[in-house]
Amino acid sequence: MNTLHDFQTGFVNALWAGDGAFPEDNFVPGGVSVTAGLAVYRNNVFAQLTECLSDLYPVVKMLVGDEFFVPTTVEFIRSHPPHSPVLAEYGEDFAEFLDGFVPAESVPYLGDVARLELARHQAQSAPDTEPLAAEALKDIPPDRLGDIQFEFHPSVHLLRSAFPVGEIWEAHQDDGEMGQTLDASPRNTCLLVSRPEFEVETGVLSIEAFDFVSRLLSGKTLALAFTAIGGDWNPQQTLTDLLVAGAFTEFNMTEENGP
206 MNTLHDFQTG
216 FVNALWAGDG
226 AFPEDNFVPG
236 GVSVTAGLAV
246 YRNNVFAQLT
256 ECLSDLYPVV
266 KMLVGDEFFV
276 PTTVEFIRSH
286 PPHSPVLAEY
296 GEDFAEFLDG
306 FVPAESVPYL
316 GDVARLELAR
326 HQAQSAPDTE
336 PLAAEALKDI
346 PPDRLGDIQF
356 EFHPSVHLLR
366 SAFPVGEIWE
376 AHQDDGEMGQ
386 TLDASPRNTC
396 LLVSRPEFEV
406 ETGVLSIEAF
416 DFVSRLLSGK
426 TLALAFTAIG
436 GDWNPQQTLT
446 DLLVAGAFTE
456 FNMTEENGP
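Written out as structure tokens, the structure is:
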């Protein structure tokens with residue numbers, strides 16, 4: 206006798222294999238065939254997952270249109286079945302799929318646009334945490350500023366792209382200027398996504414500032430993050446911008462400023 210686990214495993218395997226390989230005795234006699242029953246269920250599952258991807262990646266969908274987006278999601282769903290009952294978590298690896306999806310090669314920035322949309326979605330869903338106020342640093346002696354190690358807000362994400370994905374995303378919002386010609390030619394872009402209060406924000410960083418923030422995110426102190434970055438840039442302004450963006454929640458003082 207088949208156990209519930211055997212039934213569920215067989216059903217899932219048949220659902221994703223698409224070959225109807227599921228024992229007839231699992232269906233009510235006189236009803237639809239195994240193949241027809243699985244096809245109906247499979248279509249419903251794929252339609253729901255496609256809707257999830259449409260909600261998560263609306264700009265990607267606008268860039269390629271329904272006729273391209275829907276079959277693309279079908280290919281993605283076939284190779285990436287859900288591993289969680291929480292549909293809001295589905296599709297987090299869609300960008301990597303698009304990077305290697307040959308039919309999408311003519312839109313080389315599609316994967317990075319998907320990364321930006323995912324980062325904004327995750328920022329919106331991040332836990333509410335009180336941002337660190339700039340005043341919290343005012344009593345630290347100047348010779349100890351380099352010892353600061355920041356804790357970042359859970360909404361913060363960094364994105365680096367060879368294309369102006371921030372401008373591409375902005376042009377496809379309700380208040381964007383889609384009627385104007387958009388220059389999507391290759392252009393190094395560094396973005397910081399955060400949600401200081403209720404609205405998700407996307408800020409542009411210089412390459413130096415991006416590397417600086419990346420090192421802070423990895424746990425480096427201010428001194429270590431600064432000394433590793435070259436170029437002509439203003440770290441004080443970058444730090445101010447991060448505080449205004451609500452990027453930090455707290456800080457610790459360390460004694461380790463060696464390499």
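The numbering used here numbers the first residue of the sequence shown as 206 and each following residue consecutively. Just so it is clear, CB atoms sit at the ideal spot from N, CA and C, and this is done for glycine as well. These numbers were taken from a predicted model, which means no experiment stands behind them.
If you draw a straight line from the C-alpha of Ala252 to the C-alpha of Pro276, how long is it? 11 Å
Assign Arg365 to one of three DSSP states: helix, strand, or coil. strand
Phe415 lies in the alpha helix (DSSP H); which residues open and close that run? 412 to 422
Anyone know if the C-beta pair for Leu337 and Phe415 falls short of 8 Å? no
Helix, strand or coil at Asn457 according to DSSP, with G and I counted as helix: strand
Give me the Cβ distance between Val307 and Leu268, rounded to the nearest whole Å; I'm assuming they're in contact under 8 Å. Wrong, their Cβ atoms sit about 17 Å apart, outside the cutoff.
Please confirm whether Gly270 has its beta-carbon closer than 8 Å to some beta-carbon of chain D. The structure shown contains no chain D, having only a single protein chain.
Three-state secondary structure assigned by DSSP to Phe355: strand
In the DSSP output, which residue or residues are listed as bridge partners for Cys395? Arg365, Leu410
Skipping 5 residues on each side, what residues in its chain have a beta carbon closer than 8 Å to that of Asn393? Arg365, Ser366, Ala367, Ile412
Entirely within the stretch 242 to 328 and at least 3 residues each: give me those beta strand (DSSP E) ranges in chain order. none
Return the chain-ordered list of same chain residues with a C-beta closer than 8 Å to the C-beta of Glu297, the five sequence neighbours on each side being excluded. Leu323
Secondary structure of Pro440, DSSP reduced to three states: helix
Terminal residues of the alpha helix (DSSP H) in which Ala376 lies: 370 to 376
Could you give the distance in angstroms between the alpha-carbon of Gly316 and the alpha-carbon of Pro347? 43 Å
Since Gln354 contacts Thr426 with CB under 8 Å, what's their CB separation in whole angstroms? 5 Å
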